[in-house]
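Below: one structure, written as C-alpha cells.
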Amino acid sequence: MNSLFDKVNQHRKQHLPFVLYRKPNSKTVIGLFQENDHLYFSKDFHEKGFVFAPFRNGDVIVFPLELSSVKFAAPHLASASDEDFAGIQPDSHDKEHFMALVQKGIDAIDQGLFSKVVLSRSEAIALPEFDLEAVFERMLQQYSTAFCYCWFHPKVGMWMGATPEKLLYAKENKFNTMALAGTQPFQGNDVVFWQNKEREEQEFVTHFISENLKDITSEMTFSSPYTTRAGNLLHLKTDIEGVLNTHSNLKKVIDILHPTPAVCGLPKLVAQSFILENEGYDREYYTGFLGELNHDFNTNEMASDFYVNLRCMKLEKDKAHLYMGCGITKNSHPEAEWEETVNKSKTMKRIL
Ligand SMILES: C=C(O[C@H]1C=CC=C(C(=O)O)[C@@H]1O)C(=O)O
Numbered sequence: 001m002n003s004l005f006d007k008v009n010q011h012r013k014q015h016l017p018f019v020l021y022r023k024p025n026s027k028t029v030i031g032l033f034q035e036n037d038h039l040y041f042s043k044d045f046h047e048k049g050f051v052f053a054p055f056r057n058g059d060v061i062v063f064p065l066e067l068s069s070v071k072f073a074a075p076h077l078a079s080a081s082d083e084d085f086a087g088i089q090p091d092s093h094d095k096e097h098f099m100a101l102v103q104k105g106i107d108a109i110d111q112g113l114f115s116k117v118v119l120s121r122s123e124a125i126a127l128p129e130f131d132l133e134a135v136f137e138r139m140l141q142q143y144s145t146a147f148c149y150c151w152f153h154p155k156v157g158m159w160m161g162a163t164p165e166k167l168l169y170a171k172e173n174k175f176n177t178m179a180l181a182g183t184q185p186f187q188g189n190d191v192v193f194w195q196n197k198e199r200e201e202q203e204f205v206t207h208f209i210s211e212n213l214k215d216i217t218s219e220m221t222f223s224s225p226y227t228t229r230a231g232n233l234l235h236l237k238t239d240i241e242g243v244l245n246t247h248s249n250l251k252k253v254i255d256i257l258h259p260t261p262a263v264c265g266l267p268k269l270v271a272q273s274f275i276l277e278n279e280g281y282d283r284e285y286y287t288g289f290l291g292e293l294n295h296d297f298n299t300n301e302m303a304s305d306f307y308v309n310l311r312c313m314k315l316e317k318d319k320a321h322l323y324m325g326c327g328i329t330k331n332s333h334p335e336a337e338w339e340e341t342v343n344k345s346k347t348m349k350r351i352l
C-alpha cells in the first residue's frame with residue numbers, strides 16, 4: 001500500500017482528484033488518479049472511467065480513463081474482529097426529529113401517497129485527528145465483502161464508504177443486479193428469522209426491478225431471497241441476472257434502476273419528492289452510485305460495475321458527516337427505524 005499512498009498523498013497536496021477502491025471479496029486495491037483538477041461530467045454514460053453520481057438526477061462526475069493514471073496494491077490485512085461496538089451516542093434531538101419524520105412517512109403511506117419510502121438522516125462527528133491510510137485500511141479489513149472506496153475531488157470534497165449494494169454490472173448484453181433491503185443486527189446465529197415487514201420491504205425492490213426492466217430485457221432470472229451479512233448487519237437479498245435486448249443501453253438501464261426502492265421508494269417520483277421536501281438536509285452523493293464505467297480496471301475489458309453509495313460519509317477538515325436511512329412501510333415503527341439508523345451508523349464509526 002505504501003507506494004499507492006505516496007501517490008494519494010502527492011495528489012492530496014496538489015489538490016488533484018483520485019479514487020481508491022476495492023471490490024467485494026477482492027484483494028486488489030485500485031487507485032485512479034486524474035492528472036488535472038477539472039470536473040468532467042458523463043454524457044449519457046459513453047465514456048470510460050470512474051463515475052460518482054448524486055441521489056438526485058443531475059450531473060454524474062467522471063474521472064476519465066484517458067486523463068488518469070492507474071495504480072494497484074494488494075495489502076496484507078489482519079483479520080477483522082467481530083467485537084461488539086457501542087460507538088458514539090447520537091443526540092436525543094436527532095432521535096425526536098427522525099422519529100417525527102418516520103411518522104410523517106407512515107402517515108403519507110396510510111393516506112395512499114406511496115407504498116414505501118426510504119427516509120434518512122445525517123450525523124456529524126468531530127474528527128480532531130484523521131489518518132486516511134489507517135482509516136482506509138481498517139475499512140478494507142472490517143468489510144471484506146463490501147465495495148470499499150475513498151473518493152476525492154477538490155471541487156466536491158472527500159467521500160468514503162463500504163457499501164453492500166450493487167446497482168448494476170453490465171458486460172456486452174449481460175447484466176446482473178440485486179434487490180437488497182430489510183435489516184437486522186447480526187447476532188452470531190445460523191438461523192435468522194425475518195418479520196413480514198422486512199420481507200415486504202425487500203419484495204417491493206425485487207418487484208420494481210422485475211416490472212421495470214421487463215421491456216428492455218429478453219431474459220431475467222431471480223434467486224430466492226436469502227440472508228446476507230454486511231459488517232454487523234444482516235439484509236435480505238435477491239440476485240437478479242439477465243440479458244438486455246436490442247432496445248436497451250446503459251443509460252436506459254441506469255435511468256430505470258436509479259434510485260431503486262432500496263434507497264428511495266415506490267412509486268419512485270412521489271417518494272423522491274417526499275424525501276426532498278421532508279428530510280431537511282441534502283443527501284448529495286449518499287444513495288447515489290459510483291463505480292467503473294465501460295472499463296474493468298483489473299482486466300481492461302469493457303464492462304461497467306456500479307454500487308449504491310451506502311454506509312458512507314463525507315469528510316471535512318475536522319468532521320465526518322455520516323449518512324444512514326431505512327425503508328418505511330405501513331408496518332414501520334419509528335423507534336425501531338431509529339435504532340436501525342443507529343446500527344447502520346456504526347459501519348463508519350467503527351473505522352474512525
Ligand atoms: C438506505 C440504506 O440501506 C438500504 C439498503 C439495505 C437495507 C435497507 C433497509 O433495511 O432499510 C435500505 O433499503 C442505508 O444503509 O442507508
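Read in order, the letters of the sequence shown correspond to residues 1 to 352 in the UniProt record's numbering. From the three backbone atoms N, C-alpha and C, an ideal C-beta is built for every residue, glycine too. It should be emphasised that the depicted structure is a prediction, and the values quoted were computed from it without experimental measurement.
- The beta carbon of residue 25 lies closer than 7 angstroms to those of 144, 145 in the same chain, with the five residues before and after it left out.
- Relative to ligand 1, the beta carbon of residue 326 is positioned inside 8 angstroms of a heavy atom.
- With a 10 Å radius around the Cβ and a threshold of 16 neighbouring Cβ atoms, residue 40 comes out buried.
- Under a 10 Å Cβ-count criterion, residue 164 is classified as buried, with 16 or more other Cβ atoms of the shown protein chains found around its own Cβ.
- Take the alpha-carbon of residue 243 and the one of residue 321: they are about 39 angstroms apart.
- Annotation for residue 118 indicates a beta carbon within 8 angstroms of some heavy atom of ligand 1.
- For residue 256 against residue 117, the beta-carbon gap comes to about 19 angstroms, at or over 8 angstroms, which does not count as contact.
- Closest in alpha carbon position to residue 113, among 272, 337, 323, 31, is 272.
- Contact between the region 22-36 and the region 138-157 is present: three or more C-beta pairs spanning the two stretches fall below 8 angstroms.
- Separation of residue 350 and residue 284 (C-alpha to C-alpha, rounded to the nearest whole angstrom) is 23 angstroms.
- A residue is called buried when at least 16 other Cβ atoms come within 10 angstroms of its Cβ; residue 305 meets this threshold and is buried.
- The continuous beta strand (DSSP E) containing residue 239 extends over residues 233-244.
- Residue 97 has no beta-bridge partner at all, per DSSP.
- Using a cutoff of 8 angstroms, the CB of residue 229 does not count as near ligand 1, since none of the ligand's heavy atoms is closer than that.
- Not one heavy atom of ligand 1 is found less than 8 angstroms from the C-beta of residue 281.
- The C-alpha of residue 30 lies about 9 angstroms from the C-alpha of residue 23.
- Here the alpha carbons of residue 72 and residue 263 stand approximately 31 angstroms from one another.
- For residue 224, the CB contacts under 8 angstroms within the same chain, skipping 5 residues up- and downstream, are 238 in chain order.
- Residue ranges of uninterrupted alpha helix (DSSP H) with 4 or more members, entirely inside the region 99-181 and ordered along the chain, are 132-142.
- Residue 204 has its alpha-carbon roughly 15 angstroms from the corresponding atom of residue 270.
- Here residue 162 is near residue 348, since their CB atoms are less than 9 angstroms apart.
- In terms of Cα proximity to residue 227, the closest of 199, 18, 253 is 199.
- In this structure, residue 290 keeps its C-beta atom at 9 angstroms or more from the C-beta atom of residue 135.
- Relative to the Cα of residue 19, the nearest Cα in the group 66, 232, 335, 158 belongs to 158.
- Comparing alpha-carbon positions, the option among 182, 128, 185, 213 lying closest to residue 250 turns out to be 213.
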